[in-house]
Amino acid sequence: MDASKNNSEEVLIDKFNRVVDYVRISVTDRCDFRCVYCMDEEMHFVPRAQLLTLEEISRIAQAFTELGVKKIRITGGEPLIRRNVLKLFEDIGQLSGLDELVLTTNGSQLTKLAQPLKDAGVKRINISLDSLDAEKFKRITRVGDLNNVLAGIDTALATGFEKIKLNAVILKNRNHDEVIELVSYAGERGMDISFIEEMPLGVIANHDRAEAYYSSDEIKSDLEQAFELIPTTETTNGPSKYYKVKNTGTRVGFISPHSHNFCDDCNRVRLTCEGRLLLCLGQEHSVDLRKTLRAYPEDNEKLKQAIRDSMAIKPKGHEFDLTGKPLIFRHMNVTGG
Ligand code: SAM
Ligand code: SF4
Numbered sequence: 489m490d491a492s493k494n495n496s497e498e499v500l501i502d503k504f505n506r507v508v509d510y511v512r513i514s515v516t517d518r519c520d521f522r523c524v525y526c527m528d529e530e531m532h533f534v535p536r537a538q539l540l541t542l543e544e545i546s547r548i549a550q551a552f553t554e555l556g557v558k559k560i561r562i563t564g565g566e567p568l569i570r571r572n573v574l575k576l577f578e579d580i581g582q583l584s585g586l587d588e589l590v591l592t593t594n595g596s597q598l599t600k601l602a603q604p605l606k607d608a609g610v611k612r613i614n615i616s617l618d619s620l621d622a623e624k625f626k627r628i629t630r631v632g633d634l635n636n637v638l639a640g641i642d643t644a645l646a647t648g649f650e651k652i653k654l655n656a657v658i659l660k661n662r663n664h665d666e667v668i669e670l671v672s673y674a675g676e677r678g679m680d681i682s683f684i685e686e687m688p689l690g691v692i693a694n695h696d697r698a699e700a701y702y703s704s705d706e707i708k709s710d711l712e713q714a715f716e717l718i719p720t721t722e723t724t725n726g727p728s729k730y731y732k733v734k735n736t737g738t739r740v741g742f743i744s745p746h747s748h749n750f751c752d753d754c755n756r757v758r759l760t761c762e763g764r765l766l767l768c769l770g771q772e773h774s775v776d777l778r779k780t781l782r783a784y785p786e787d788n789e790k791l792k793q794a795i796r797d798s799m800a801i802k803p804k805g806h807e808f809d810l811t812g813k814p815l816i817f818r819h820m821n822v823t824g825g
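For the sequence shown, this note's numbering begins at 489 and goes up steadily by one.
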């Protein structure tokens with residue numbers, strides 16, 4: 489990306505000349521679901537005392553916007569189960585310089601929170617939906633209630649967000665046979681949908697990730713049995729590669745960490761709920777922002793300098809390998825997917 493396109497006075501640039509203008513913030517590692525690709529059955533969560541407070545998260549978000557960040561995504565764990573999280577959306581929604589405040593959610597709380605989220609300034613929502621079959625949905629999420637999530641999607645659609653997109657992680661022999669139904673469901677409601685290849689984050693006992701691998705190319709060729717997919721260069725500033733579905737006019741995206749590497753265009757960093765700034769989803773390079781924040785409670789310049797300095801250690805890319813031992817031991821709920 490061309491740095492001159494960013495209007496902010498300051499811009500974060502890493503040593504590979506990539507502009508970082510997008511931050512994903514995990515506000516909790518806890519969740520009301522236990523998706524089999526994301527968490528192990530028994531999980532240990534971060535003790536509450538180690539979590540950043542909502543005020544600390546806002547301070548970090550403000551520092552990032554002062555450094556040229558234009559887009560913040562609130563994620564988790566399940567962000568909408570954190571107590572008083574709406575206050576955080578309201579505070580971040582008011583930061584000047586921020587173009588987009590967006591959210592990734594499993595949809596379980598949307599029947600009650602969609603309207604307050606819109607009022608707080610959330611423009612776009614990504615909702616995870618891996619299956620339209622209640623039993624399969626339960627098997628994948630271990631505890632999720634499909635009807636509640638579908639009701640949440642309906643509420644969000646009725647609330648009038650600028651955009652609602654679905655995300656589906658596709659696993660062979662779990663839900664790979666549902667991709668056509670998922671695209672139809674999304675298209676009929678005017679939503680885009682992205683299919684995600686499972687990433688080897690954290691050790692899970694549920695399945696062998698290599699055996700469950702179902703590539704974006706396989707999904708695409710399954711979809712072509714039912715839809716005409718027209719390549720498009722449109723982007724949402726993320727890793728999805730998009731196709732327009734001729735029949736519906738909506739789009740299908742593919743997030744393909746294994747089959748089509750997207751690291752060259754990486755424009756993002758991630759903040760964990762403990763205040764660790766992760767410079768790459770698939771590497772351990774990180775900086776402890778909580779330490780700086782708490783050592784200098786009144787001095788935002790120190791925080792900004794720690795963020796500027798972190799650019800020097802942003803790695804070139806991930807090295808995901810499904811066949812060997814996992815290299816990354818943190819699960820996706822900790823990483824902030
Ligand atoms: N709980 C929210 C949700 O499910 O949307 C937000 C957090 S969740 C970690 C964010 C996204 O990461 C979801 O779309 C989820 O499907 C995806 N995800 C979780 N674990 C993953 C993995 N191992 N590989 C690929 N995507 C994963
Ligand atoms: Fe929870 Fe989202 Fe992970 Fe599923 S993918 S367990 S909903 S954090």
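A virtual CB, placed ideally from N, CA and C, is assigned to each residue, including glycine. From a predicted model like this one, the values you see are computed outputs, not experimental measurements.
> If you measure from the CB of Asn594, is any heavy atom of the ligand SF4 nearer than 7 angstroms?
Replying inline: Working through the sequence shown from its first residue, we reach residue 594 at position 106. Asn594 Cβ: within cutoff of the ligand SF4.
Quiz prompt | Nearest-angstrom Cβ-Cβ length linking Phe649 and Lys611, presumed shorter than 8 angstroms | solution = On the sequence shown, residue 649 is found 161 positions in, with the first residue counted as 1. On the sequence shown, residue 611 is found 123 positions in, with the first residue counted as 1. With a Cβ gap of about 6 angstroms, Phe649 and Lys611 count as contacting.
Could you give the first and the last residue of the continuous alpha helix (DSSP H) run that contains Pro535? On the sequence shown, residue 535 is found 47 positions in, with the first residue counted as 1. Element bounds for Pro535: n/a, residue is neither H nor E.
Between Met687 and the ligand SF4, is there a pair consisting of the residue's CB and a ligand heavy atom that are separated by less than 7 angstroms?
In the sequence shown, residue 687 corresponds to position 199, counting from 1. No.
Lys606 in three-state terms, based on DSSP = Position 118 of the sequence shown holds residue 606. Helix at Lys606.
Cβ neighbours of Lys493 in the same chain (closer than 6 angstroms, five flanking residues each side left out) | Here residue 493 refers to the residue found at position 5 of the sequence shown. Note that Lys493 scores a pLDDT of 41, beneath 50, so its modelled location is shaky and nothing firm can be said.
(Q) Rounded to whole angstroms, what is the Cα-Cα separation between Cys751 and Glu529? (A) In the sequence shown, counting from the first residue as 1, residue 751 sits at position 263. In the sequence shown, counting from the first residue as 1, residue 529 sits at position 41. So the two alpha carbons sit approximately 31 angstroms from each other.
- request: Given a cut-off of 8 angstroms, decide if Leu589 and Phe577 are closer than it, judged by their beta-carbon atoms.
  value: Counting from one through the sequence shown, the residue named residue 577 turns up at place 89. Counting from one through the sequence shown, the residue named residue 589 turns up at place 101. With respect to Leu589, Phe577 sits close: the two C-beta atoms are nearer than 8 angstroms.
> Is it the case that the Cβ atoms of Gly640 and Ser616 are separated by a distance below 8 angstroms?
Replying inline: For this step, residue 640 is matched to residue 152 along the sequence shown. For this step, residue 616 is matched to residue 128 along the sequence shown. For Gly640 and Ser616, no; Cβs fall outside 8 angstroms.
**Study point:** Cβ neighbours of Gln828 in the same chain (closer than 6 angstroms, five flanking residues each side left out)
**Key:** Residue 828 lies beyond the stretch modelled for the chain, which goes from 489 to 825, so this question has no answer here.
Exercise for the section: Spatial neighbours of Ile501 within its chain, please: CB distance less than 8 angstroms, with the 5 preceding and 5 following residues excluded, ordered by chain position. Expected result: In the sequence shown, residue 501 corresponds to position 13, counting from 1. Closer than 8 angstroms at Cβ, skipping near neighbours: Ala491, Val507, Val508, Met799.
For this session: Give a yes or no on whether the C-beta atoms belonging to Glu686 and Tyr701 are separated by under 8 angstroms.
Result: Your numbering for residue 686 matches position 198 in the sequence shown. Your numbering for residue 701 matches position 213 in the sequence shown. For Glu686 and Tyr701, yes; Cβs fall inside 8 angstroms.
**Report entry** Those residues which DSSP pairs with Ser546 across a bridge
**Finding:** Along the sequence shown, one-based indexing puts residue 546 at 58. Bridge pairing for Ser546: absent [DSSP].
Of all the options Asn694, Val499, Arg570, Asp642, which has the alpha carbon lying nearest to the alpha carbon of Lys653?
Here residue 653 is taken as the residue at index 165 of the sequence shown, counted from 1. The residue with the shortest Cα to Cα distance from Lys653 is Asp642.
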